[in-house]
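J.:
Protein chains: 2
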Amino acid sequence: MRYMITFSYDGSNFNGYQKQDGCRTVEECIENALYDINDHSVTKIVSSGRTDKGVHAKGQTAHFDLNVNITEYKLKSAINSLVPDDIHIIKAEKVNDDFHARYKVKEKTYKYYLNIGEYNPMERNYVYQYNRDLEIDKMKDAIKFFIGTHDFKNFVSSECKKNSYVREIYSADIEVKNNIIIFKFTGNGFMKYQVRNMVGTLLKVGKGKLDSNSIKDIIDNPNRKKDVLTIKPEGLYLEEVKY
Amino acid sequence: MRYMITFSYDGSNFNGYQKQDGCRTVEECIENALYDINDHSVTKIVSSGRTDKGVHAKGQTAHFDLNVNITEYKLKSAINSLVPDDIHIIKAEKVNDDFHARYKVKEKTYKYYLNIGEYNPMERNYVYQYNRDLEIDKMKDAIKFFIGTHDFKNFVSSECKKNSYVREIYSADIEVKNNIIIFKFTGNGFMKYQVRNMVGTLLKVGKGKLDSNSIKDIIDNPNRKKDVLTIKPEGLYLEEVKY
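Here the protein sequences line up with chains A and B, keeping their order.
Quick note on numbering: the working numbering labels position 178 of the first sequence as 210, and the sequence is numbered without any gaps.
Quick note on numbering: the working numbering labels position 45 of the second sequence as 77, and the sequence is numbered without any gaps.
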């Protein structure tokens with residue numbers, strides 16, 4: 033029986049989502065819980081995609097197969113009772129055997145939170161504490177250049193090797209609430225560091241180090257990868273995955 | 033020269049505000065910073081009052097005397113550069129030599145945050161994760177009984193020995209935003225565990241274990257201390273101190 037889970041986690045104390053020997057990871061914590069639930073058999077989970085060290089999730093998804101038949105509600109409770117308190121299963125659902133948490137993704141939304149007001153110690157691991165002014169209107173102009181189908185190679189980690197770096201961004205916008213700037217991106221998929229690099233480069237626009245139009249040029253021109261800045265992970269949230 | 037500081041801290045990793053041998057405390061971290069700033073002389077700070085282990089502050093205040101003359105802006109920067117990242121000085125001001133951060137308090141405000149929605153791992157140390165429904169209207173009726181001048185002995189930790197337990201609460205109310213209940217109390221002073229005990233007892237009203245009117249009876253009747261419940265510290269914030 034195949035199940036899908038929707039879950040949140042605080043990335044602060046994990047060495048990222050993906051399992052690695054000798055590191056505390058989200059994937060391993062959930063697989064350890066499923067081992068107990070699934071009659072002590074090793075149970076591999078397949079997520080919608082990994083998140084980096086320090087990145088949080090409000091709506092990550094994954095699928096896995098269980099030998100035991102268990103109700104959705106009991107499965108949610110069982111996993112939650114076995115995972116540490118920085119992971120939480122929001123929903124567990126039975127799905128068809130051909131469901132796949134990565135291949136079937138239609139849309140993903142990421143948000144990045146940045147504080148331009150006074151430093152807030154309570155939010156130091158949850159909102160990037162920039163704590164200075166930014167030219168928000170210029171960033172609002174600039175973010176629009178990300179919308180559409182583009183080759184995002186310049187915005188992707190050099191470690192990340194793909195056949196194609198073409199992705200579509202359906203929407204990208206900036207909202208400001210009580211000195212917190214919220215960058216929101218929805219698209220068909222995002223590659224390693226892509227959101228952090230898009231936000232980091234927008235930050236350079238907000239500081240006046242780049243003009244708004246230069247975003248278009250950095251997307252199109254392979255020589256301009258040097259202008260891309262990677263922002264810290266702590267303000268980044270995988271918000272939602274749609275199928 | 034006497035200075036006053038307004039500061040915030042994340043109480044999660046402190047053993048409370050007040051200095052204790054062998055424990056990490058807010059007071060000690062700030063005094064260590066001032067030792068360096070004040071020409072390596074031991075500098076005692078006097079706060080508006082202590083907060084317990086796990087309790088946060090958005091607007092704690094303290095005063096201290098420095099031998100060196102330093103501008104307000106430089107003092108703020110200097111302390112911030114020397115304290116750990118879970119403490120932040122919001123403001124530093126020169127004050128008269130007769131100013132006293134505890135004796136001169138006119139009004140203090142505390143807030144308590146409680147989540148009645150889905151468990152949120154990002155907020156587990158900042159909002160009490162109750163994650164069940166409560167009868168909010170009954171709690172709104174009940175909280176009004178705290179307003180006014182009362183003997184709060186039943187709501188104070190038994191460890192706390194005072195000549196008088198009479199305090200005045202100027203306002204007390206409940207606001208609900210996106211499944212977060214915010215309890216707000218403003219008064220001339222609060223004793224050890226008082227806010228946590230008031231909120232804990234209101235929680236029993238919200239669960240239907242006590243009726244709203246019983247708050248009045250618990251205040252007035254020494255035999256009813258047993259009905260008082262101490263809620264966890266992580267949802268509690270010292271919000272503001274007024275002089």
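Even for Gly, the Cβ is constructed at its ideal location relative to N, Cα and C.
Kindly indicate which three-state DSSP category Glu207 of chain B falls into: helix, strand or coil?
T.: Strand, per DSSP.
J.: Any idea which residues DSSP pairs Phe217 of chain A with across the strands?
T.: Its beta-bridge partners are A:Tyr142 and A:Ala204.
J.: Rounded to the nearest angstrom, how far is the Cβ of Arg49 of chain B from that of Val58 of chain B, given a contact under 8 angstroms?
T.: Note on residue identity: the sequence assigns Tyr, not Arg, to residue 49 of chain B. About 5 angstroms; that satisfies the 8 angstroms criterion.
J.: By the criterion of Cβ-Cβ separation under 9 angstroms, what are the contact partners of Met36 of chain A in chain B?
T.: Those within 9 angstroms of Met36 of chain A in chain B number zero; the least Cβ separation is about 17 angstroms.
J.: So within the segment 155-193 of chain A, which uninterrupted alpha helix (DSSP H) runs reach at least 4 residues, ignoring any that extend past its ends?
T.: Listed in chain order, the complete alpha helix (DSSP H) runs (minimum 4 residues) inside the segment 155-193 of chain A are 168-175.
J.: Compare the C-beta of His120 of chain B with all C-beta atoms of chain A and state if any pair is closer than 7 angstroms.
T.: Answer yes: the Cβ-Cβ gap between His120 of chain B and chain A drops below 7 angstroms somewhere.
J.: Kindly identify the DSSP beta-bridge partner or partners of Phe39 of chain B.
T.: In DSSP, Phe39 of chain B forms a bridge with B:Gln92 and B:Ile121.
J.: Ends of the alpha helix (DSSP H) at Val273 of chain B?
T.: Counting along the chain, Val273 of chain B falls outside any alpha helix (DSSP H), though it belongs to the beta strand (DSSP E) covering Leu268 to Lys274.
J.: Given 8 angstroms as the limit, is there contact between the segment 228-247 of chain B and the segment 166-174 of chain B, that is, 3 or more CB pairs closer than that?
T.: The segment 228-247 of chain B vs the segment 166-174 of chain B: in contact.
J.: Return the CA-CA distance between Gly219 of chain A and Val127 of chain A, expressed in angstroms with no decimal places.
T.: About 24 angstroms.
J.: Apart from the five residues on each side of it in sequence, which residues of its chain come closer than 7 angstroms, Cβ to Cβ, to Asp42 of chain A?
T.: So the qualifying residues of the chain are His88 and Asp118.
J.: Is there a C-beta anywhere in chain A that falls below 7 angstroms from the one on Arg56 of chain B?
T.: Chain A contact via Cβ: absent.
J.: Under the DSSP definition of a beta bridge, which residues are partnered with Ile69 of chain A?
T.: Ile69 of chain A is not bridged to any residue.
J.: Is Asn147 of chain A helix, strand or coil by DSSP?
T.: The answer is strand: DSSP assigns Asn147 of chain A an E or B state.
J.: Would you tell me roughly how many angstroms separate the C-alpha atoms of Ile250 of chain A and Asp259 of chain A, rounded to the nearest one?
T.: Distance between the alpha carbons of Ile250 of chain A and Asp259 of chain A is about 7 angstroms.
J.: By DSSP, does Ile250 of chain A sit in helix, in strand, or in coil?
T.: In the structure shown, Ile250 of chain A sits in a helix (DSSP, three-state: H, G or I).
J.: Below 8 angstroms on the Cβ atoms is my guess for Thr181 of chain B versus Val198 of chain B; work out the distance and round it to an integer in Å.
T.: Yes, they are in contact, since the Cβ atoms of Thr181 of chain B and Val198 of chain B sit about 6 angstroms apart, within 8 angstroms.
J.: Using the beta-carbon count (16 or more within 10 Å), is Thr103 of chain A buried or exposed?
T.: Per the 10 Å Cβ criterion, exposed.
J.: Are three or more beta carbon pairs between the segment 258-273 of chain B and the segment 84-99 of chain B nearer than 8 angstroms?
T.: Touching, yes.
J.: What residues match up with Asp130 of chain B in a beta bridge as DSSP calls it?
T.: Beta-bridge pairing links Asp130 of chain B to no other residue.
J.: Counting only Cβ-Cβ distances shorter than 8 angstroms, please list the residues of the segment 42-53 of chain B near chain A, keeping chain order.
T.: Within the segment 42-53 of chain B, the qualifying residues are Asp42.
J.: Since Ile212 of chain A contacts Tyr145 of chain A with CB under 8 angstroms, what's their CB separation in whole angstroms?
T.: With 8 angstroms as the limit, Ile212 of chain A and Tyr145 of chain A qualify as a contact, their Cβ atoms being about 6 angstroms apart.
J.: Since Val78 of chain A sits in a beta bridge, which residues does DSSP pair it with?
T.: BP columns for Val78 of chain A point to A:His95.
J.: Should Cys192 of chain A go down as buried or exposed, given a rule of 16 or more other Cβ atoms within 10 Å for buried?
T.: Burial call: exposed.
J.: Is Asn45 of chain A near the ligand GTP, going by C-beta to nearest heavy atom under 6 angstroms?
T.: For the structure depicted, the ligand GTP is absent and the ligand set is empty, with no information on it obtainable.
J.: Out of A:Ala124, A:Ser244, A:Lys138 and A:Gly232, which has the shortest C-alpha to C-alpha gap to Tyr275 of chain A?
T.: Taking only the C-alpha atoms, the option nearest Tyr275 of chain A is A:Lys138.
J.: Rounded to the nearest angstrom, what separates Ala94 of chain A and Val227 of chain B at their Cα positions?
T.: Rounded to the nearest angstrom, the two C-alpha atoms are 41 angstroms apart.
J.: In this structure, what does DSSP give as the bridge partners for Arg56 of chain B?
T.: According to DSSP, which records beta bridges pairwise, Arg56 of chain B is partnered with nothing at all.
J.: DSSP on Ile62 of chain A, reduced to helix/strand/coil?
T.: Ile62 of chain A: helix per DSSP, three-state reduction.
J.: How is the alpha helix (DSSP H) around Asn276 of chain A delimited, first residue to last?
T.: Chain A is shown only over 33 to 275; residue 276 of chain A falls outside these bounds and no answer can be derived.
J.: Using the beta-carbon of each residue, which ones in chain B are nearer than 7 angstroms to Tyr158 of chain A?
T.: Per Cβ cutoff of 7 angstroms: Met154.
J.: Between Asn47 of chain A and Gly54 of chain A, what straight-line distance do the alpha-carbon atoms span, to the nearest angstrom?
T.: Rounded to whole angstroms, Asn47 of chain A to Gly54 of chain A spans 10 angstroms at the Cα level.
J.: Would Glu60 of chain B pass as an interface residue toward chain A - the criterion being a Cβ-Cβ separation below 7 angstroms?
T.: Judged by the 7 angstroms Cβ criterion, Glu60 of chain B is not in contact with chain A.
J.: Buried or exposed: which applies to Lys140 of chain B, given that a residue is buried once 16 or more other Cβ atoms fall within 10 Å of its Cβ?
T.: Classification for Lys140 of chain B: buried.
J.: What are the boundary residues of the alpha helix (DSSP H) that Gly232 of chain B is part of?
T.: Note, Gly232 of chain B: alpha helix (DSSP H), Gln226 to Gly238.
J.: Could you work out which residue in B:Asn186, B:Ile179, B:Lys194 and B:Ser246 is closest to Lys216 of chain B when comparing CA atoms only?
T.: For the residues B:Asn186, B:Ile179, B:Lys194 and B:Ser246, the minimum Cα distance to Lys216 of chain B belongs to B:Ile179.
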